[in-house]
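Residue numbers (this note's numbering), protein chains in the order written: chain A, 1 to 997; chain B, 1001 to 1181; chain C, 2001 to 2099. A short worksheet on the structure shown next.
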Amino acid sequence: MTQAFRIPSAGRLDTGRTLDFTFDGKSFTGLEGDTLASALLANGVHLTGRSFKYHRPRGILSAGAEEPNALVGIHRDEARRTPNVRTTIQELYAGLTAVSQNRWPSLSFDVGAISNLGAPFFSAGFYYKTFMWPRAAWERLYEPVIRRTAGLGVAPDKPDPDHYSNRFAHCDVLVIGGGAAGLAAALAAAEKGASVIIADEQAALGGSLRFESGAEIDGRPGWEWAQETKTALRARDNVRVLTRTTGFGYYAHNMLGLVERLTDHLAEPSPEAPRERLWQVRAKRVVLATGAIERHMVFPDNDRPGVMLASAARTYLNHYGVAVGRKVSVYTAEDSAYAAAIDLKKSGTDVLAIVDLRTDPEGALVEQARSLGIDVFAGHAVTGTEGRLRVRRVSISPVSGGPRRELEIDTLLTSSGWTPAVHLFSQSRGKLAFDEENQRFLPGEYVQDAVSVGACNGTSDLAETVAESLRAGETAAKETGAKKRKTVKFEAQASEDWSSGMAGAAPGAKSGSKAMAFVDFQHDVTAKDIRQAVREGMRSIEHVKRFTTTGMATDQGKTSNIHGLAIASEMLGKPIPQVGLTTFRSPYTPVTFGALVGHGRGKLFEPTRRTPIHSWAEAHGAAFEPVGQWERAWYFPQNGEDMHAAVARECHTTRQAAGIFDATTLGKIEVVGPDAARFMELMYTNPWQKLAVGRCRYGVMLREDGFIYDDGVVGRLAEDRFHVTTTTGGAPRVLNHMEDYLQTEFPELKVWLTSTSEQWAVIAVQGPKSRDIIAPFVEDIDISDEAMPHMSVREGRVCGVPARLFRLSFTGERGFEINVPADYGLSVWEAVWAEGQKYGACAYGTETMHVLRAEKGLIIIGQETDGTVTPDDAGLNWAIGKKKTDFVGIRGLQRPDLVAKGRKQLVGLKTTDPKTVLEEGAQVVADPDQPVPMKMIGHVTSSYWSENCGHSIALALIEDGRERMGEKLFVPMPDGVIEVEVTSTVFFDPDGERTNG
Amino acid sequence: MVEIAHRTSPLEGRGFEGDGISLSVAKPASRLSLRAPEGSLPALSEALGLELPQRPKSTSTKGNRAALWLGPDEWLVIDEDGADLMAICGKIPDLHSAVDTSHRNVAIEVSGARSADVLSAGCPQDLSLARFPVGASSRTVFGKVEIILWRRDEQTFHVECWRSFSAYGFDLLEAAAREAE
Amino acid sequence: MLLIHCPYCEEERPEPEFRHAGEAHIARAENITELSDEEFERHFFIRSNPKGIAFERWRHMHGCARFFNAARDTLSDKFLVTYKIGTPKPDLSGEIRRK
Ligand SMILES: [Zn+2]
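Structure (structure tokens):
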């Protein structure tokens, strides 16, 4: 396909460097440096999509990030099908495959366009009114239909094969926007010696110098100056230039989010290259140089392909060398659009007319247009357009009334003025001020250390923009402490000005008109819809926005917000600032989830913590379960066992011979200092002063409100040193809780806390043969019952390395826990395992650990407790030092509702049918025949099959449970009621003889 | 006689070499979490043979031994020769707490021209030489884990983290290091 | 992401290193067991949650690990001051009135 609309004498691309691409299966040729939009236009293609609601044919409106219409899907492969890509941003690469969206069966013939005929049905608020009821229809009917007929592109259904990156960055001065203003500010700041980051969303810096043909800076054409300045900035080591990088969010304390697109413009990206990189930049000063966005005119049928922004036509011509049409007219209410007509005319394009709403346009540009032979229809409006897939005729009439005239055209350029891009300023919580004269919002009061320069600050003249930006860059640098004397100074001039213009509906789309005059192209919102919203009672722009959905599409109303506001304001008879401006929120333009997630996918989503013994468990076929971030051995199936069989065997073997268990994940805190015991007295309910060195005690920790927070066995290693263990999941919060009290409530105590959770690998050996198994490895410690009774701790050597050996039991059996420095953990485990084999020992996992402790009625924090359980509820009153005058939680325990009758207490439950295993979490009732909703008197906290007991066992929290021993209660389940009996919590070896046996 | 147990590093066999970046696992070292009030510092410093630094974010080194300021009364003492630091401090009667953390932490050396850049993939601190000069050290975060960062020279950082977080830490460093600049 | 000046590290550090720890200047009563139910309720459950300047505790969890206090304007997120535990609550009545 030839590029019939490419003008070789215009533009900055090399016509020798062609690239092939396809759009909806049709092959085209473009040039290196093209955007998809410019390449399509070079081939005369304007029609690129169907509109969201009415499926109206739509073309390319803009040449930048604000594009509401020309959204396509870019398909690289099965998994890389990116929907809603703005053709005006997507750079062309060889082999690019683009497809249009929201049409069926084809772009030029679309069945959905029928809804255009039913337009009255789709009027403002139709979502709220039409689909209100019946409720069930939402799921089955309304939503699927809406999703199919109204909408954007289709998301890929495969996992994203790309990877994404994150960087934190810091600088003195961050400049957002690389046009004349941003470049000047960056240069001035850099010359002063500040560290500078400058980011621009386009592939090349220069901003609107891309199209401003008359601009001159520092004696050179504006574009040339921009490229030279970029090169100079790149060469400096105090400047980072980020292209293809959008500043999308302005957060607290001058933190900005930038997204850099690294591979979307490449034909064959390297697999090592991230697709996008999120920059989280902390800047001492921010210079916002985000420019302004041209607004379209709101008039009847203003959305036909071929109707586009004047500045966009200039960009396509002056930068890409593309004429957007053969027969062009301009519809404007301000000066800068004249330059588009002039540039096109000079390039040899037929420019029929400039239709200007103003009655007396004057100035150099107007004169120049006239002298080039362009008809200027002052005081005229475009009142209608024709053409099915492309505009081919417009009607114009004098605003004051008079004969209608028709122009045969193929392209209409419109401009109603420029909207300063104050999005980031607004996100920074700055207050906007309304500029009445020019109908625009400008930065008012700043809340953060930022400054706006150029068009986003309402500065509409290039000379002033450059001067202002140089000053701002220098000042920002100085404020951050940059001291170099160097001051940059140069001048600029341009032939145009961006002030003036109008907002709201143009004649022909005014109140009373039934015309489709679009305000928001992407969400298909017309001037009429906004007026209807006001008529139906919406008074604030926030309500109008939600009622009509104007400004709520992915373009966030960049071209439409001010129009919508002006129309609402006119209807309400209130000035614009009183109607209010909707809040700008991040992101400025859509950001992929990939960029936000960055590296945090797959194994980097969350750290997976593994113990030193993990590889052994893996090699021995363990099934694993996640416990917080830990991956713990759950059970060790043998010879095709299922979980039930494996756990039954492990439970049985451990009580018959011995079991070996990796308890490394237990939290450990070393409490050291002369006041260690005093501190322990305050943190735990138990008494500690008299605990002898070498002995252990089970400790209960409360919060100040009296509820159980954590528990664990504590060993006293010396008068001034305790080895505290916590639950696996509780380790960080327990340490934080302890540090909080130590630092802020009891700072006079001479004691320090150190986490040793990961210093020690912990190998639990439990069962009647445990002592025999460990004996060969233990040096310097007498492990006889007399020398080392239950609940004691000794330091010595195991397998030749320093060890802390605990005699304790979470199973009710004789048991030891060997703590060795973690790097030795695997080696010691293997030695113990090998020895254990001689005694028929097994390895067991967390499931067996849970069953064995439940057989003994031992609680697990977070299972038997849920943050509302007191020691008394859990049957742990014995663990409270009765003579103690203070500990955290002592007052909370006296609260009326904590001592009231009727609290749920921990009891055992035995099912009448011994084979039935209750469900954890199941509710318990006293009378199964009562009407629903039943009174629930408690719930099951733990429940297992106990191979050792030969029946199922359960723990439950039941109202006044301890007074109900022997009572029959009921557990109603979907398939029947289960009868249970209330029992003691201890199911196995009630006298506790086996810990010493 | 029982065979003496041997060590296994959680980062056994890990390493990465790339353009301007190298990641390697540091050899095992002795480590001490040392806590002490100001009055005990002279005695502890003398025993350890180096001045315990008192300025935030600073370090002092002597030979293969270093003390990193972590908090106003907290230091991480590292001895790369494996000296018995607990025994050294055990002789000092002045008030202090010494806890052996030799096996709790694992260290990764991150070096090369891109070292700061690679660390910036997960560390939100400003790692420019002006703000994080040679000899600076600090506890901070790297992605989703806590680390201790110590700049040993302009292009070399020593990264310590708890052993079960070290695989994540190394994986994230490697992911950032693999990115073509 | 906030930037928080740690009074112990003596510099501004990024928010991910910190953890918020509730309202400041609520001391645990020395005679806590003697508090009436109403006094305990006020002490433990009732917080001021102001719009404007709030006194709050932070912990430099992944830095020096110290708890400290801060006065932060909850409207702008600006920190007026951060200070060490044990130092008295600063008088910011002038600042508060200006709001
Ligand atoms: Zn700090």
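We treat Cβ as the ideally placed atom computed from N, Cα and C, and that holds for glycine. It should be emphasised that the depicted structure is a prediction, and the values quoted were computed from it without experimental measurement.
Would you check whether ligand 1 has a heavy atom nearer than 7 angstroms to the C-beta of residue 2008 of chain C? yes
Check each residue of the region 1077-1102 of chain B: if its Cβ is closer than 7 angstroms to any Cβ of chain A, include it; give the result in chain order. 1095, 1097, 1099, 1100, 1101, 1102
Return yes when the C-beta of residue 2060 of chain C is under 7 angstroms from any heavy atom of ligand 1, and no when it is not. yes
Host alpha helix (DSSP H) of residue 1010 of chain A (start-end): Residue coverage of chain A in this structure runs from 1 to 997, which leaves residue 1010 of chain A outside it and unanswerable.
Could you tell me if residue 73 of chain A is buried or exposed, where buried requires 16 or more neighbouring beta carbons within 10 angstroms of its beta carbon? buried
Please tell me whether residue 2086 of chain C has its Cβ less than 8 angstroms away from any Cβ of chain A. yes
How about residue 1123 of chain B: is its Cβ closer than 7 angstroms to a heavy atom in ligand 1? No, ligand 1 has no heavy atom inside 7 angstroms of this Cβ.
So is residue 276 of chain A buried or exposed if we call it buried at 16+ other beta carbons inside 10 Å? buried
Could you give the DSSP three-state label for residue 972 of chain B: helix, strand or coil? Since the first residue shown for chain B is 1001 and the last is 1181, residue 972 of chain B is missing from the structure and cannot be characterised.
Any C-beta of chain A sitting closer than 8 angstroms to the C-beta of residue 2074 of chain C? no
Which same chain residues end up closer than 6 angstroms to residue 964 of chain A when comparing Cβ atoms and leaving out the 5 residues on each side of it in sequence? 982
Give the range of the beta strand (DSSP E) segment to which residue 878 of chain A is assigned. No beta strand (DSSP E) holds residue 878 of chain A; DSSP gives it neither H nor E.
Assign residue 268 of chain A to one of three DSSP states: helix, strand, or coil. coil
Taking Cβ-Cβ distances below 8 angstroms as the criterion, which residues of the region 2058-2074 of chain C are in contact with chain A? 2059, 2061, 2065, 2066, 2067
Please find out if some non-hydrogen atom of ligand 1 comes closer than 7 angstroms to the beta-carbon of residue 2064 of chain C. In this structure, residue 2064 of chain C has its CB closer than 7 angstroms to one or more heavy atoms of ligand 1.
Between residue 520 of chain A and residue 526 of chain A, what straight-line distance do the alpha-carbon atoms span, to the nearest angstrom? 7 angstroms
Can you list, in chain order, the residues of its chain with a C-beta nearer than 6 angstroms to that of residue 2002 of chain C? Leave out the 5 residues immediately preceding and following it. Counting only Cβ-Cβ distances below 6 angstroms, and skipping sequence neighbours, we find 2015.
Residue 1145 of chain B and residue 1170 of chain B closer than 8 angstroms at C-beta: no
Would you mind telling me which residues of chain A sit closer than 7 angstroms to residue 1163 of chain B, beta carbon to beta carbon, in chain order? 758, 822
Check whether the Cβ atoms of residue 92 of chain A and residue 36 of chain A sit closer than 8 angstroms, and answer yes or no. yes
Short CB-CB distance (under 8 angstroms) between residue 1010 of chain B and chain A: yes
Kindly list the residues whose CB is nearer than 6 angstroms to the CB of residue 945 of chain A, restricted to its own chain and excluding five residues on each side of it in sequence; keep chain order. 917, 952
Inter-residue Cα distance where the pair is residue 717 of chain A and residue 665 of chain A: 21 angstroms
Contacts that residue 305 of chain A makes with chain B (C-beta to C-beta distance below 8 angstroms): Simply none; closest approach about 40 angstroms.
Short CB-CB distance (under 8 angstroms) between residue 1172 of chain B and chain A: yes
Listed in chain order, which residues of the region 1123-1149 of chain B have Cβ atoms closer than 7 angstroms to some Cβ of chain C? So the list reads 1124, 1125, 1138, 1139, 1140, 1141, 1146, given in the order they occur along the chain.
The region 442-458 of chain A: which residues have C-beta closer than 8 angstroms to a C-beta of chain C, in chain order? 447
In the DSSP output, what is residue 1158 of chain B paired with across the bridge? B/1109, B/1150
Mark residue 2025 of chain C as exposed unless 16 or more other C-beta atoms lie within 10 angstroms of its C-beta, in which case mark it buried. exposed
Closer than 7 angstroms at the beta carbon, the chain C residues around residue 255 of chain A: 2001
Within chain A, the residues that residue 2028 of chain C reaches when beta carbons sit closer than 7 angstroms: Taking the beta carbon of residue 2028 of chain C as reference, the chain A residues within 7 angstroms of it are 745, listed in sequence order.
Straight-line Cα distance separating residue 219 of chain A from residue 318 of chain A: 19 angstroms
Cβ separation of residue 855 of chain A and residue 996 of chain A, assumed to be a contact under 8 angstroms, to the nearest whole Å: Actually they do not touch by this definition, with Cβ atoms about 17 angstroms apart.
To the nearest angstrom, how far is the alpha carbon of residue 314 of chain A from that of residue 55 of chain A? 28 angstroms
Residue(s) in a DSSP beta bridge with residue 441 of chain A: A/434
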